[in-house]
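According to mature numbering (1 follows the signal peptide of the UniProt record, and there is no 0), the sequence shown holds residues -18 to -1, 1 to 299 in order. By construction, the Cβ of each residue, glycine as well, lies at the ideal position given by its N, Cα and C atoms.
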Amino acid sequence: MIRIIFIMMCGLMSFVAAGRSVTDHLGRAVNVPDTPQRIVSLHDWTLTVMAHELGAHLVGSTGRLGPDGHYFIRGGRELFGLDFSAVALASVHGKPDLERISMLKPDLILANSGDYASLISQLSTIAPTLMFNPEQGRPMLSLYQDLAGWLGRESQFGALKQHYHERVAEWRQRLKATGAPAATYVAIRVNGRDGTIDVLKDYGALTTVMDDLGYRPMPIVASVPAGTNRMIMAAELIESIDADYIVTSYLPEKGETADSVYQDLDRIAPGARGFLQAFTQRQTISLSRYQVYPPSFKGLELTLERLSATIQQSGQP
């Protein structure tokens, strides 16, 4: 009996030694498998999207209940057609199901710190658990690279990044050929209910593409507090967002469309669209939030294509 226990302990020690230590976004050192084979993601439109795009071994994801009564993977559905025929439903967003997660026998759990920090102890009894924080004011690709390193998928991340940067380089050359100075941009979300505007510093694919192409954020963006991605601005300060380009997003799930920003602006700042140059020059870009908020190279490509079409339509650099 003692010999059996000794062998089991040696096997466990070998398993632990075969792993590697990863420091997550809460500063926790977690021992994870070198190549995790059964990953459960507890946030669909950040962690699930990235893990899937990197080709990681994803066995489960959180989902959301759609109006048709079926569960879907927000962001994963829109970007990749990913649904629960490919991975198992691990939990419903906002309703952690520890028993269901445990039944999937994960060897690694990925969770957003804002949703699951209070459940670290319980999750860690099921499998090594890494906490990811998407709202810390760092560039999207920097956060994405963190996750790629955690999963041992650096080479896949590097290949995707190289292809994207090749596309960006092509467009930078086209813009440079015009001889015009770099245009300005601002990323916003208009809150029609309370009459305020969110000014966004790092907002997924929207700001990443604009920055990579050399567009300059409006000065007000520098006022966004460090360590955060956004700040709330009163509608009375509307002139501070008078950029060459305005980029924004909408939520189809709430019945919003690409034109929702027009309606909301008309409601909280009547007449603003008559003088904001992005509107008068038809240089606004409004994309589904499901496509541009998740950190993904597919979202970057879609944003780049939409911006390219807008530039060609307006005739402006």
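Contact under 8 Å by Cβ, residue i with residue j
| i | j | result |
| --- | --- | --- |
| Gln138 | Gly37 | yes |
| Asp226 | Ala141 | no |
| Tyr146 | Leu282 | yes |
| Pro207 | Leu90 | no |
| Thr285 | Ala187 | yes |
| Leu61 | Lys280 | yes |
| Lys236 | Asn211 | no |
| Leu101 | Phe114 | no |
| Leu24 | Ala99 | no |
| residue 300 | Arg82 | Summary: the structure shown does not reach residue 300, with the chain confined to residues -18 through 299, and so no result is reported for it. |
| Val4 | Arg20 | no |
| His75 | Gly45 | yes |
| Asp26 | Ile55 | yes |
| Thr111 | Val274 | no |
| Ala254 | Ile220 | yes |
| Ala217 | Thr262 | no |
| residue 316 | His34 | Residue coverage of the chain in this structure runs from -18 to 299, which leaves residue 316 outside it and unanswerable. |
| His7 | Ser95 | yes |
| Gln295 | Arg264 | yes |
Whole-number beta carbon distance between residue j and residue i, since they are thought to touch under 8 Å
| i | j | result |
| --- | --- | --- |
| Met32 | Tyr126 | 6 Å |
| Gly51 | Tyr272 | Wrong, their Cβ atoms sit about 19 Å apart, outside the cutoff. |
| Leu105 | Trp153 | With 8 Å as the limit, Leu105 and Trp153 do not qualify as a contact, their Cβ atoms being about 42 Å apart. |
| Thr28 | Pro116 | 5 Å |
| Ser290 | Pro234 | Actually they do not touch by this definition, with Cβ atoms about 23 Å apart. |
Identified DSSP bridge partners for residue i
| i | result |
| --- | --- |
| Arg171 | Asp180 |
| Ser23 | Ser43, Leu92 |
| Thr166 | Arg198 |
| Tyr275 | Note: Tyr275 sits in no beta bridge, so no partner. |
| Asn115 | BP columns for Asn115 are empty, so no partner. |
| Cys54 | What sits at residue 54 in the sequence shown is Phe, not Cys. Phe54 is bridged to Arg46. |
| Lys77 | Val74 |
| Leu269 | Ser231 |
| Val14 | Arg2 |
Own chain partners of residue i with C-beta closer than 8 Å, once the 5 adjacent residues on each side are dropped
| i | result |
| --- | --- |
| Asp241 | Ser268 |
| Ser222 | Met200, Pro201, Ile202, Met215 |
| Ser(-5) | Low local confidence applies: a pLDDT of 36 at Ser(-5) is under 50, so the model's placement there is unreliable, with the coordinate-based value given in what follows. Result list for Ser(-5): empty, nothing under 8 Å. |
| Leu123 | Lys143, Thr190, Pro277 |
| Leu86 | Arg20, Val22, Val41, Gly42, Ala70, Ala72 |
| Val150 | Val191, Asp194, Leu195, Leu286 |
Close beta carbons around residue i, own chain, < 6 Å, minus the five adjacent residues each side
| i | result |
| --- | --- |
| Asp176 | none |
| Val243 | Val172, Thr230, Ser268 |
| Glu136 | Ala130 |
| Pro88 | Arg20, Val22, Ala109 |
Sequence-distant residues of its chain with Cβ nearer than 7 Å to residue i (five each side left out)
| i | result |
| --- | --- |
| Arg249 | Gly174 |
| Gly238 | First, the residue type needs correcting, since residue 238 is Glu and not Gly in the sequence shown. Answer for Glu238: Tyr232, listed in chain order. |
| Ala260 | Ala225, Asp226, Tyr227, Ile228, Thr266 |
| Gly119 | Lys183, Asp184, Ala208, Gly209, Thr210, Asn211 |
Residue i CB to nearest heavy atom of the ligand SAH below 7 Å
| i | result |
| --- | --- |
| Ala254 | The ligand SAH is absent from the structure shown, which contains no ligand whatsoever. |
Give, in chain order, every unbroken run of the alpha helix (DSSP H) that is at least 4 residues long and sits entirely within the stretch 190 to 250. 242 to 250
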